[in-house]
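S.K.: What follows is a structure written as structure tokens; I'll ask about it next.
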Amino acid sequence: MVFKRKVYDKLLEWKELSAGTSAVLLEGARRIGKSTIVEEFAKREYDDYMILDFAKENKDIKNNFIENIDDMDTFFRNLFLLKGRSLKGKRCVLIFDEVQLFPLARQAIKYLVADGRYEYIETGSLISIRKNVKDILIPSEEYRIKMYPMDFEEYLWAIGDDVTYTAIKNAFEKRKALGDAVHRKIMKVFRTYMAVGGMPQAVDAYVNGKTFAQIDFVKRNILQLYEEDLVKYDTDNREKASAIYKTIPEQLENKNSHFKFSLVDKNARYQNYVDAVSFIAESMIGNECINVTKPEVALELFSDRSNFKLYMGDTGLLVTRIMKNRDETDENLYKALIIDDLGINQGMILENVVAQMLKASGHELYFHEYLYKPEGNEKEKKYEIDFITVKKKKICPIEVKSSNYKSHKSFDYLLTKYQLKTEDRYIIYTKDLKYEEGITYIPVYMTPFI
Numbered sequence: 282m283v284f285k286r287k288v289y290d291k292l293l294e295w296k297e298l299s300a301g302t303s304a305v306l307l308e309g310a311r312r313i314g315k316s317t318i319v320e321e322f323a324k325r326e327y328d329d330y331m332i333l334d335f336a337k338e339n340k341d342i343k344n345n346f347i348e349n350i351d352d353m354d355t356f357f358r359n360l361f362l363l364k365g366r367s368l369k370g371k372r373c374v375l376i377f378d379e380v381q382l383f384p385l386a387r388q389a390i391k392y393l394v395a396d397g398r399y400e401y402i403e404t405g406s407l408i409s410i411r412k413n414v415k416d417i418l419i420p421s422e423e424y425r426i427k428m429y430p431m432d433f434e435e436y437l438w439a440i441g442d443d444v445t446y447t448a449i450k451n452a453f454e455k456r457k458a459l460g461d462a463v464h465r466k467i468m469k470v471f472r473t474y475m476a477v478g479g480m481p482q483a484v485d486a487y488v489n490g491k492t493f494a495q496i497d498f499v500k501r502n503i504l505q506l507y508e509e510d511l512v513k514y515d516t517d518n519r520e521k522a523s524a525i526y527k528t529i530p531e532q533l534e535n536k537n538s539h540f541k542f543s544l545v546d547k548n549a550r551y552q553n554y555v556d557a558v559s560f561i562a563e564s565m566i567g568n569e570c571i572n573v574t575k576p577e578v579a580l581e582l583f584s585d586r587s588n589f590k591l592y593m594g595d596t597g598l599l600v601t602r603i604m605k606n607r608d609e610t611d612e613n614l615y616k617a618l619i620i621d622d623l624g625i626n627q628g629m630i631l632e633n634v635v636a637q638m639l640k641a642s643g644h645e646l647y648f649h650e651y652l653y654k655p656e657g658n659e660k661e662k663k664y665e666i667d668f669i670t671v672k673k674k675k676i677c678p679i680e681v682k683s684s685n686y687k688s689h690k691s692f693d694y695l696l697t698k699y700q701l702k703t704e705d706r707y708i709i710y711t712k713d714l715k716y717e718e719g720i721t722y723i724p725v726y727m728t729p730f731i
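The working numbering puts the first residue of the sequence shown at 282, with every later residue one more than the last.
Written as structure tokens, this is what we have:
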């Protein structure tokens, strides 16, 4: 099934604005639907298209890039002969699928775009792209678009719901509660989304009425693929990235979710694992959240990368990893999660999905840890803001609460300690929207509108 994806509009914008002066690289983790949406885009928006899948293309196709790229007439003549067909029409596109597996095709973009007879779309899984481009010239004629797993709105489209997301957005903009009955209904749908996740194969299985056990089987296969990829491509780090990735659920079960290298190896140190962590974040199978030492608008200037959290790129995959070690059947566990009756730390699932939604909405992920001595206390205590971003050139602190949502000392002390003037303060929780004491409490499904 081909699902409606928001990245389609971004590709359309590139096509109209670029008008053949650049190629586009759609980059993201594997199995998020890049190849599917690109082919759908080519079918609808061009007269004709051809796919070169570098996971499958033979040596003759690849040698053509090496031997004939300086002679376009010969290059295309040989390409069409080898593929057994040509491109017909005024506006045609060549798709370079899994381009990271053959970097010389990416380097050739400069000459292909200059030639001007066709347009070019590349797809790449970043799990191996950094290593494979160190010896090539990255073309300046390449426009990049990041793609993520299906977000909540895309999930609603997939299940045939074109009403709910508009209602959510209107309620957020007007700061008006939806009402208990409507909120409960949306939360149940959202919990299902968290459980299924945003990997198109898993959503397709759900839409087609598969059992949760069958959906979980799909996700386990994706997790296995990711782990195999990490071992295969992260040879420089001696499989450290794979070891780190496997510990993410355990890391998130920590009291404050901070990444502890001791859970990977008792002798591990940050400086020995920093490249492996970056590898996971750059491959987009994990979302890294960095501590900032001071809540200033230029957050990156105050980043302390040795103090970080690491979330799964897709919350549905996190749920599958958590389920793996439990004795009950997948079916019962999933149903318990959806009706909010699961005896595990649901705070970690909630925090992970918030990180996922913030990242997909264009936010870089930061948090802030600070010391403060409340009035009447003899010693300073440590407080933390779960996420911190910038809106209208002002700091915007965000807290995620799975319980005890009325406690917001970390917010209050933050304003006092730094004399901050914030644009907004948000507590994300599982209840309906409300505004109280300068804080906007929003249900988790409203996170994308922050």
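Don't be surprised by glycine CBs; every beta carbon is placed ideally from N, CA and C.
Owing to the predicted nature of the structure, the values given are computational and were not obtained by experimental measurement.
#1: Output yes or no for whether 8 angstroms exceeds the beta carbon distance between residue 370 and residue 334.
#2: Check whether the segment 435-450 and the segment 643-651 touch, using three or more Cβ-Cβ pairs below 8 angstroms as the test.
#3: Could you spell out the range, first to last residue, of the alpha helix (DSSP H) harbouring residue 599?
#4: Could you give the first and the last residue of the continuous beta strand (DSSP E) run that contains residue 406?
#5: Note down, in chain order, each residue of its chain lying with its Cβ closer than 6 angstroms to the Cβ of residue 680, except the 5 sequence neighbours on either side.
#6: Using a threshold of 8 angstroms, state whether the C-beta atoms of residue 601 and residue 497 are closer than that.
#7: Please look up how many angstroms separate the CB atoms of residue 676 and residue 701, rounded, as I've assumed it's under 8 angstroms.
#8: Can you tell me whether residue 344 is helix, strand or coil according to DSSP?
#9: By Cβ distance below 8 angstroms, which residues in the same chain neighbour residue 404 in space, the five residues on each side in sequence not counted?
#10: According to the neighbour-count rule (16 or more other Cβ atoms, all chains shown, within 10 Å of its Cβ), is residue 430 buried or exposed?
#11: Start and end of the beta strand (DSSP E) containing residue 658?
#12: Taking its Cβ as the centre, do 16 or more other Cβ atoms sit within 10 Å of residue 510, making it buried, or is it exposed?
#13: At the level of alpha carbons, what is the spacing between residue 653 and residue 698?
#14: Ordered along the chain, which non-local residues of its own chain (more than five positions away) have a Cβ less than 8 angstroms from that of residue 362?
#15: Applying the criterion that 16 or more other CB atoms from any shown protein chain within 10 Å of the CB defines a buried residue, is residue 552 buried or exposed?
#16: Going by beta carbon distance, what residues of the same chain come within less than 6 angstroms of residue 538, once the five residues before and after it are set aside?
#17: Have a look at residue 506 and residue 656 and give me their C-alpha separation to the nearest angstrom.
#18: Would residue 597 and residue 477 be called neighbours here (beta carbons separated by less than 8 angstroms)?
#19: Determine the closest residue to residue 324 out of 283, 541 and 599, with distance taken between C-alpha atoms.
#20: Using the Cα positions of residue 558 and residue 390, report the straight-line distance between them to the nearest angstrom.
#21: Round the Cβ separation of residue 326 and residue 298 to the nearest angstrom and send it over; I've been treating them as touching at under 8 angstroms.
#22: Using the DSSP secondary-structure output, state which residues sit across from residue 286 in a beta bridge.
#23: Note down the Cα distance separating residue 712 from residue 495, rounded to an integer number of angstroms.
#24: With DSSP run on the structure shown, which of helix, strand or coil describes residue 721?
#25: Mind checking who residue 306 pairs with in its DSSP beta bridge?
#26: Just tell me which of 492, 396, 394 and 287 has its CA closest to the CA of residue 615.
#27: For residue 423, tell me which candidate among 295, 555 and 686 has the shortest Cα-Cα distance.
#28: Taking residue 533 as the reference, give the member of 427, 352 and 593 with the closest Cα.
#29: Should residue 574 go down as buried or exposed, given a rule of 16 or more other Cβ atoms within 10 Å for buried?
#30: Where does the unbroken alpha helix (DSSP H) through residue 437 begin, and where does it stop?
M.R.: Checking against the coordinates, here is how it stands:
#1: One-based indexing of the sequence shown puts residue 370 at position 89. One-based indexing of the sequence shown puts residue 334 at position 53. Going by C-beta atoms, residue 370 is not nearer than 8 angstroms to residue 334.
#2: no
#3: Here the question's residue 599 lines up with position 318 in the sequence shown. Per DSSP, the unbroken alpha helix (DSSP H) holding residue 599 starts and ends at 596-604.
#4: Here residue 406 refers to the residue found at position 125 of the sequence shown. Residues 400-406.
#5: Residue 680 sits at position 399 when you count from the first residue of the sequence shown. Within the same chain, residue 680 has close Cβ partners 667 and 708.
#6: Your numbering for residue 601 matches position 320 in the sequence shown. Your numbering for residue 497 matches position 216 in the sequence shown. Their beta carbons are under 8 angstroms apart, which means residue 601 touches residue 497 by this criterion.
#7: Your numbering for residue 676 matches position 395 in the sequence shown. Your numbering for residue 701 matches position 420 in the sequence shown. About 6 angstroms; that satisfies the 8 angstroms criterion.
#8: Working through the sequence shown from its first residue, we reach residue 344 at position 63. Residue state, collapsed to three classes: helix.
#9: Within the sequence shown, residue 404 is the residue found at index 123, counting from 1. Hits under 8 angstroms: 306, 307, 308, 315, 316, 319, 376, 377, 378, 379 and 380.
#10: Taking the sequence shown and counting its residues from 1, the one referred to as residue 430 is at position 149. Residue 430 comes out buried.
#11: Within the sequence shown, residue 658 is the residue found at index 377, counting from 1. Taken as a continuous stretch (DSSP letters only), residue 658 belongs to no beta strand (DSSP E), as it is neither H nor E.
#12: For the purposes of this step, residue 510 is taken as the residue at position 229 of the sequence shown. So residue 510 counts as buried.
#13: By one-based count along the sequence shown, residue 653 stands at place 372. By one-based count along the sequence shown, residue 698 stands at place 417. C-alpha of residue 653 to C-alpha of residue 698: approximately 7 angstroms in a straight line.
#14: Stepping through the sequence shown from its first residue, residue 362 is reached at position 81. Excluding sequence neighbours, residue 362 sits near nothing in its chain.
#15: Within the sequence shown, residue 552 is the residue found at index 271, counting from 1. It is exposed - the Cβ of residue 552 has fewer than 16 other Cβ atoms within 10 Å.
#16: Within the sequence shown, residue 538 is the residue found at index 257, counting from 1. Closer than 6 angstroms at Cβ, skipping near neighbours: 590.
#17: Looking up residue 506 in the sequence shown gives position 225. Looking up residue 656 in the sequence shown gives position 375. Residue 506 and residue 656 have their C-alpha atoms some 53 angstroms from each other.
#18: Along the sequence shown, read from residue 1 onward, the residue named residue 597 stands at position 316. Along the sequence shown, read from residue 1 onward, the residue named residue 477 stands at position 196. Taking 8 angstroms as the Cβ cut-off, residue 597 and residue 477 qualify as a contacting pair.
#19: Locating residue 324 in the sequence shown gives position 43, counting from the first residue. Taking only the C-alpha atoms, the option nearest residue 324 is 283.
#20: Taking the first residue of the sequence shown as position 1, residue 558 is located at position 277. Taking the first residue of the sequence shown as position 1, residue 390 is located at position 109. Their backbone Cα atoms lie some 30 angstroms apart in a straight line.
#21: As a position in the sequence shown, residue 326 is number 45, starting the count at 1. As a position in the sequence shown, residue 298 is number 17, starting the count at 1. Incorrect: roughly 14 angstroms between the Cβ atoms, too far for contact.
#22: Within the sequence shown, residue 286 is the residue found at index 5, counting from 1. Paired residue(s): none; residue 286 is not in a bridge.
#23: Within the sequence shown, residue 712 is the residue found at index 431, counting from 1. Within the sequence shown, residue 495 is the residue found at index 214, counting from 1. In this model, residue 712 and residue 495 are separated by some 31 angstroms (Cα to Cα).
#24: Position 440 of the sequence shown, counted from the start, is the residue given in the question as residue 721. Reduced to three states, the DSSP call for residue 721 is strand.
#25: Along the sequence shown, one-based indexing puts residue 306 at 25. The partner list for residue 306 (beta bridge, DSSP) reads 403 and 425.
#26: Within the sequence shown, the letter at position 334 stands for residue 615. Here the closest residue by C-alpha is 492.
#27: Numbered from 1 along the sequence shown, position 142 holds the residue referred to as residue 423. Comparing Cα positions, the closest option is 295.
#28: Working through the sequence shown from its first residue, we reach residue 533 at position 252. Checking every option, the nearest Cα to that of residue 533 belongs to 593.
#29: By 1-based counting over the sequence shown, the position of residue 574 is 293. The residue in question, residue 574, is exposed, as its Cβ has fewer than 16 Cβ neighbours within 10 Å.
#30: Numbered from 1 along the sequence shown, position 156 holds the residue referred to as residue 437. Its alpha helix (DSSP H) spans residues 433-439.
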